[in-house]
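Student:
Residue numbers (the working numbering): 44 to 107.
#1: Indicate whether residue 93 and residue 60 have their beta-carbon atoms separated by less than 9 angstroms.
#2: Specify the secondary structure class of residue 59 as computed by DSSP and reduced to three states.
#3: Quick one: what does DSSP say residue 65 is sitting in, helix, strand or coil?
#4: Could you spell out where the alpha helix (DSSP H) holding residue 79 opens and where it closes?
#5: Which whole-angstrom value is the C-beta distance of residue 71 and residue 95, which I expect to be below 8 angstroms?
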């Protein structure tokens with residue numbers, strides 16, 4: 044018996060966005076996006092990151 048193909052589309056991955064200010068880095072939050080650049084843009088809007096810190100953000104993919 045074969046498996047029936049799933050009709051669900053894969054969800055967008057979760058990204059953890061941090062502000063690089065020293066050691067340890069400060070966590071801004073987690074967002075769903077297709078890539079790291081989009082995750083940073085979403086985090087800037089969602090968490091109202093000040094313009095002075097927007098250039099010091101980094102995102103990496105995490106499991107939710």
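Virtual Cβ for every residue (Gly too), placed ideally from N, Cα, C.
Tutor: According to the structure data:
#1: Residue numbering aside, residue 93 sits at position 50 when the chain shown is read from its first letter. Residue numbering aside, residue 60 sits at position 17 when the chain shown is read from its first letter. In this structure, residue 60 does not lie closer than 9 angstroms to residue 93 by Cβ.
#2: Mapped onto the chain shown, residue 59 falls at position 16. Note: residue 59 maps to strand in three-state DSSP.
#3: For the purposes of this step, residue 65 is identified with residue 22 of the chain shown, where counting begins at 1. Judged by DSSP in its simplified three-state form, residue 65 adopts coil rather than helix or strand.
#4: If you number the chain shown from 1, residue 79 lands on position 36. First-last of the alpha helix (DSSP H) with residue 79: 79-89.
#5: Counting from one through the chain shown, the residue named residue 71 turns up at place 28. Counting from one through the chain shown, the residue named residue 95 turns up at place 52. Wrong, their Cβ atoms sit about 14 angstroms apart, outside the cutoff.
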